[in-house]
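Worksheet: one structure, shown below.
Below you can see the structure in the form of structure tokens.
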């Protein structure tokens with residue numbers, strides 16, 4: 001039977017993978033399927049269990065739904081409480097439905113490898129977000145910081161900083177779950193997860209934008225991802241938020257994901273080797 005797990009276990013995993021990936025991924029990418037962050041719970045489910053069957057049904061539903069809707073959430077019920085699984089996906093507000101479907105399909109595929117046989121996992125790509133868990137998170141406001149990344153400081157330039165603050169302030173005041181702003185070379189984007197109410201969305205984005213402005217100071221770009229919303233800005237000009245695909249960016253995301261999977265596989269092999277050695281020498285000592 002699966003035991004209860006704390007929220008901190010997911011956040012600890014987030015922190016490791018985000019810290020590792022931030023060394024290899026640029027803050028902004030033209031590719032919708034470039035890796036941003038991901039995390040898994042420590043709690044595992046049993047292979048061929050009712051929970052695994054429900055999880056597979058959930059992930060299939062997410063992929064199918066993304067062909068006609070940019071956001072959806074599901075609850076797959078089970079015969080017992082421990083078999084219930086909750087999940088959602090969301091695409092960036094400017095994506096076409098084909099791009100949304102492609103992004104969610106890729107996110108689910110990567111999540112199935114990254115978080116194999118775990119009861120909860122989340123993956124943020126540049127163009128979409130997917131999350132599932134055996135504990136409900138749907139409709140729950142959560143302003144926990146899961147990723148903060150600031151670019152190098154460009155020094156305090158009054159005009160540039162005033163322009164940056166004006167763009168962020170404009171996004172904070174604008175309504176809606178998906179918000180963009182820009183002036184000159186400064187571009188910004190912000191978005192809430194679709195399960196939040198309008199008031200909760202405004203509260204979350206206000207927090208993300210406030211943190212982004214204070215924590216990134218005079219940085220030339222900044223990312224602030226909270227558990228249920230994000231805000232980003234760059235001084236790199238209009239191309240920072242284009243929907244077009246970039247082969248280089250896609251390769252960067254794939255290389256990062258491959259490195260993470262390789263690292264996890266290496267740790268697993270090391271554990272198996274140590275268990276084998278222990279059995280061999282333990283047997284010889286009898």
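Numbering (full-length UniProt numbering), first residue to last: 1 to 286.
Using N, Cα and C, we set each Cβ at its ideal position, and we do this for glycine too.
Being a predicted model, the structure only gives us computed values, none of them experimental.
Contact check, residue 291 vs residue 139, beta carbons under 8 Å: Residue 291 lies beyond the stretch modelled for the chain, which goes from 1 to 286, so this question has no answer here.
Identity of the residue in 186, 181, 182, 205 nearest residue 192 by Cα: 205
Stretch-stretch touch, CB-based, cutoff 8 Å, three pairs: the segment 174-194 with the segment 109-125: no
8 Å Cβ shell around residue 152 - same chain, five flanking residues per side excluded: 219, 220
Distance CB(residue 125)-CB(residue 35) smaller than 8 Å: yes
Beta-bridge pairing of residue 231 - partner residues as DSSP gives them: 190, 224
C-beta contact flag for residue 51 and residue 85 at 8 Å: yes
Three-state secondary structure assigned by DSSP to residue 87: strand
Inter-residue Cα distance where the pair is residue 83 and residue 56: 12 Å
Residue span of the beta strand (DSSP E) that contains residue 142, given as start and end: Per DSSP, residue 142 belongs to no beta strand (DSSP E) and is neither H nor E.
Per-residue DSSP class, three states only, for residue 57: helix
Collapsed DSSP secondary structure at residue 117 in the structure displayed: coil
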